Amino acid sequence: MKKGFVLLLVSLFLIPYLGSSYASDRKKKKKAPIEQKNVTPKKPISKYEKLFKGKQHQAFPGKFATIHRVGDKIYLEYPLKYMGRDLLIALTPSATSDPSLVNVGYKNKGLKHVRFVLKDSMIFMNDCSTYTTYDDTEEMKETAALNFMDVRKQKFKLETYNRDSTAVIFEAGKIFLDDAQSPIGGSYKGLPITGKVKAELSTIGKIKSFDDNISVETENVYSCSAKQMFSTFMLGEVLVKTVKTMFLLPEEKMKPRISDPRIGIFLTGKQNISLKEGSKNYSYANRWRLEPKDMQAWERGELVEPVKPIVFYLDNTFPENWKTALRKGTLDWNKAFEAIGFKNAVQVKDFPKDDPNFDPDNLKYSCIRYCPAGVANAMGPSWVDPTTGEIVNASVIIYNDIIKLITQWRFVQTAQVDESVRGKELPADVLYEALVYVVAHEVGHTLGLMHNMAASHAYPVDSLRNATFTHKYGTTPSIMDYARFNYVAQPGDKGLKLTPPDLGVYDYYAIKWLYSPIAGNKSVKEEAEIIQQWVDEKAGDPLYRYGQQQLYSTYDPSALTEDLGNDPIKASNYGIKNLKYILPNVNQWISDDDFSEYRLTLYSQILNQYYRYISNVLCQVGGIYLNPAKEGTPVERYQPVARNIQKASMLWTIKQLRESDWLNEKALEQKIFAPKYSLLLQSTAAKTLFNLGANVTLTAHLSKDPYTIKDYYDDLYSGIWKPTMQGKKLTNGDKLLQRMCVSTITTNVRKVTNPKEFADNSEVIDPSIALSIDEIIRYGMDQTGFIRRFRDQFQAFEIEHGQGLIANQIARETISAISPYTWQKPVNISTIDESLGYNTAMLNKIQKLVESRIANANTADKAHYQGILLQIKTLSK
């Protein structure tokens with residue numbers, strides 16, 4: 001009984017719990033039909049997907065990287081394996097509304113050399129520090145890491161990783177859409193041009209992704225302006241389509257080649273830090289990575305194709321009659337490569353019509369581009385990997401008016417001997433020959449060769465009148481010289497070659513030095529020792545001599561632009577004789593149906609050519625032959641021009657200036673409304689003549705038998721003031737030279753006696769050139785049409801800031817033939833400068849001479865002499 005009661009109590013106690021469980025089970029059973037026991041819960045959306053979901057999104061995947069376009073934003077999906085790898089970023093204009101301000105195909109801001117680095121949640125784009133190299137030791141590597149760090153240039157927020165966490169994603173618009181690498185830049189005739197982007201008008205175009213690079217196309221409107229001194233004036237707006245390429249450089253670098261200053265190659269500068277040798281500046285030669293496919297076959301002397309040839313793509317917009325010549329001029333370089341064992345090293349292909357991936361503005365492709373701008377020029381820039389000097393891309397850009405230039409060159413330099421060029425258009429065969437030369441010269445630059453202005457000096461002048469010699473050697477040993485056409489050839493000379501060679505002996509030599517493989521697995525320094533010997537073997541041979549262009553100063557008369565032969569006086573005499581033959585015939589050769597403006601252009605070219613001849617001779621006064629020399633070779637580092645040559649050059653130049661009235665051809669002046677050119681020529685050349693004292697002083701200091709500063713002033717005095725000493729009536733040219741002589745000397749004296757007067761007053765305006773904007777246009781000096789187009793803006797600027805500022809600057813650059821480019825900066829001669837005494841003595845001589853002649857002078861000359869005396873007496877106050 002008790003036992004049963006206990007069980008009853010237990011059961012009553014458990015009923016609520018059992019009931020509850022039972023009820024719960026019943027509820028579950030009722031809901032069983034809709035229970036989702038086996039359904040996987042929804043995955044949360046990843047950050048990667050969220051970044052693009054529900055947005056206007058396009059992906060452009062490639063083996064290198066993937067670009068995402070999300071609306072007007074650009075995201076870069078960058079693989080982690082490429083963090084720290086070298087990249088090049090380039091901006092190339094692909095189309096423009098104004099080719100006079102933007103060069104299609106030309107990377108005017110160069111290339112950025114960068115690396116991406118991931119640090120915490122940020123990605124940094126760093127400028128690579130590659131200038132300094134160091135010994136390959138653990139200690140030096142550690143030191144370099146502490147002292148030569150990359151510099152951070154841009155920062156990006158890490159948005160997320162990709163699906164498999166092998167790449168980071170960040171917004172990269174700052175790289176592709178900003179204005180840091182603006183296509184607007186450079187200068188026109190020394191006037192800096194800049195462009196400010198109008199961001200609200202910018203759009204994104206095509207996006208492409210490849211195995212080793214990515215590219216983004218944009219269109220931007222730039223507001224362009226030019227600067228002159230302290231003022232800016234607007235040039236208008238220009239629309240530019242650009243392609244920005246990010247290019248992955250090879251992980252395995254090309255073996256570099258250490259440069260040699262005795263051969264003219266574009267360079268990549270370096271500094272080496274060594275515990276043994278200390279710090280030392282050196283450079284790598286810029287060159288393509290040209291390696292034989294079969295090294296063993298190459299070593300056996302067989303012609304071998306390179307692993308990767310140098311391929312140029314020929315612009316399909318070139319006029320059809322140009323294309324054959326452009327191909328030949330490019331492929332002619334294969335002759336030099338075959339001489340060192342390479343077959344088909346340089347190739348030319350047409351722009352592909354059926355390849356959607358081809359883009360001439362992508363850094364992957366090197367092209368020969370046509371620019372339909374009124375510029376009489378061509379150029380051949382290249383871009384390199386700064387770590388090794390490996391050329392990774394190049395462009396040959398040929399402007400439309402190059403035809404105008406070579407037509408005028410052929411007329412002015414060879415019309416005396418070649419009847420076929422006596423017109424406004426060249427015959428097909430002559431045009432073909434000239435275009436081959438132009439493109440071969442520019443392709444030479446893209447292969448790494450600099451100008452060699454000393455090449456033509458290797459030939460005796462009279463050899464250029466020999467048919468056998470000129471057909472074998474042309475006008476120069478190198479087409480990298482500015483030795484254009486054979487102006488030495490005289491009427492009646494038969495069978496001469498009037499052009500440079502296809503390739504000269506120096507060109508073969510330079511390609512061998514730059515590209516010939518070196519057998520055996522040698523170090524960079526071991527290879528340098530071998531190729532140095534190749535240069536040593538040619539030391540002292542003028543055919544292989546290198547003379548760099550001169551800009552900051554001109555000392556070497558054997559390394560000039562636009563000259564021929566080894567004797568400037570003899571070559572110039574031949575050239576002037578030809579100009580005197582050509583000038584009177586311009587009207588006859590250029591028919592009356594032609595516009596007089598073209599005759600005026602030829603007239604201007606004849607003037608310029610004559611000025612070149614005078615300049616070539618004048619460079620011998622105070623001249624020094626300069627040679628990069630190596631100890632142990634038979635070459636003098638510097639050699640002053642002989643005394644008798646300097647004196648003869650002085651007297652020859654003064655005689656030419658006093659007898660230049662033949663330039664004022666009456667028959668031509670009757671057809672063309674223009675003032676006398678002889679005075680313009682005299683004033684420009686005399687400016688140089690009267691300022692050669694510093695060069696003469698330096699040369700005399702270095703010479704064993706000097707042409708002294710006293711000799712220079714004596715010859716200047718006797719030459720310029722000879723008509724006054726003889727009591728003759730002065731010509732307009734005589735007066736101009738005398739006025740300039742006194743003006744230059746008094747200015748030089750004031751610079752010493754009153755330096756404060758010149759402290760803030762750079763010589764912006766050359767008083768010897770007084771031209772207006774309209775005269776620049778009228779005289780044919782505006783070859784690009786730039787001045788004509790912006791005539792009103794230029795004139796308004798001069799009205800506000802000074803008459804002649806712009807016209808003077810342009811005229812000086814256009815007329816001056818002494819405009820070579822960088823080599824030797826001016827040498828400071830202050831410790832040996834005696835010019836003040838000689839200038840003062842000369843002014844005293846001039847004053848006494850004029851005072852003794854003024855009483856008996858005719859009325860016009862008397863007024864001239866009074867002005868001379870006033871200039872001199874004003875100085876003494």
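Quick note on full-length UniProt numbering: the sequence shown kicks off at 1 and runs consecutively. Note that CB positions come from ideal geometry on N, CA and C, so glycine has one too. Quantities reported herein were computed from a predicted structural model and do not represent experimental measurements.
Answer with buried or exposed for asparagine 486, where buried requires no fewer than 16 other C-beta atoms within 10 angstroms of its C-beta.
buried
With glutamate 291 and valine 307 assumed to form a contact (beta carbons below 8 Å), what rounded beta-carbon distance in angstroms separates them?
5 Å
At a cut of 8 Å, does the region 566-579 reach the region 710-725 through at least three beta carbon pairs?
no
Tell me which residue opens and which closes the beta strand (DSSP E) that asparagine 126 is part of.
122-127
I need the straight-line Cα distance from phenylalanine 148 to leucine 88, nearest angstrom please.
20 Å
Take lysine 198 and list the residues in its own chain whose beta-carbon comes closer than 8 Å to its own, dropping the five residues that flank it on each side.
Asn220, Val221, Tyr222, Ser223 and Glu237
What three-state label does DSSP hand tyrosine 284 in the structure shown?
strand
Tell me the DSSP bridge mates of aspartate 178?
Looking at the DSSP assignment, aspartate 178 forms no beta bridge with any residue, so it has no partner.
Is alanine 65 closer than 7 Å to tyrosine 48 when the C-beta atoms are compared?
no
Going by DSSP, name the residue or residues bridged to tyrosine 717.
For tyrosine 717, which the question treats as bridged, DSSP gives no partner whatsoever.
Glycine 719 Cβ short of 6 Å to the ligand NAP heavy atom set:
With respect to small molecules bound, the structure shown includes none, and the ligand NAP cannot be examined in it.
How would you write the range of the beta strand (DSSP E) that threonine 132 sits in, first residue to last?
132-134
Return the bridge partner residues of asparagine 393 from the DSSP annotation.
Trp383
Which same chain residues end up closer than 7 Å to lysine 873 when comparing Cβ atoms and leaving out the 5 residues on each side of it in sequence?
none
Going by beta carbon distance, what residues of the same chain come within less than 8 Å of aspartate 72, once the five residues before and after it are set aside?
Ile204
Quick one: what's histidine 864 bridged to in DSSP?
None; histidine 864 has no bridge partner.
Whole alpha helix (DSSP H) elements within the region 511-544, 4-residue minimum:
524-538
Pick out whichever of Val346, Trp383 and Ile340 has its Cα sitting closest to the Cα of threonine 330.
Val346
Run of the alpha helix (DSSP H) containing tyrosine 487, from where it starts to where it stops:
Here tyrosine 487 belongs to no alpha helix (DSSP H), and DSSP marks it neither H nor E.
Where does arginine 545 land, buried or exposed, given buried means 16+ other C-beta within 10 angstroms?
buried
Beta-carbon gap between serine 336 and aspartate 507 smaller than 7 Å:
Note that residue 336 is alanine in the sequence shown, not serine. It is a contact, given that the beta carbons lie within the stated cut-off.
Under the three-state DSSP convention, the category arginine 262 falls into:
coil
Leaving out five residues on either side along the sequence, give the residues of the same chain with a beta carbon under 6 Å from the beta carbon of histidine 57.
Val70
DSSP has tyrosine 638 in a bridge; who is on the other side?
Leu626
So which of Leu579, Ser478 and Ser463 has the shortest CA-CA distance to asparagine 566?
Ser463
Under 8 Å Cβ to Cβ from leucine 702, same chain only, skipping five residues before and after it: list those, please.
Ile624, Tyr638 and Pro640
I need the straight-line Cα distance from alanine 539 to alanine 458, nearest angstrom please.
13 Å
Euclidean distance between Cα positions of serine 302 and histidine 451:
The sequence given here places glutamate at residue 302; serine does not occur at that position. About 31 Å.
Would proline 460 be called buried (16 or more neighbouring beta carbons within 10 Å of its own) or exposed?
exposed
How long is the line joining the alpha carbons of glutamate 138 and isoleucine 340, rounded to whole angstroms?
39 Å
Compute the Euclidean distance between the alpha carbons of serine 279 and threonine 387, then round it to the nearest angstrom.
18 Å
For alanine 860, I'd like the list of residues in its chain whose CB is within less than 6 Å of its CB, leaving aside the five on either flank, ordered along the chain.
none
Distance, alanine 455 Cα to tyrosine 613 Cα
17 Å
Assuming asparagine 357 and phenylalanine 210 form a contact by the criterion Cβ under 8 Å, report the distance between their Cβ atoms to the nearest whole angstrom.
7 Å
Give the C-beta separation of cysteine 367 and aspartate 315 to the nearest angstrom, bearing in mind that I take them to be a contact with Cβ-Cβ under 8 Å.
6 Å
Can the beta-carbon of glycine 448 be found closer than 7 Å to that of serine 478?
no
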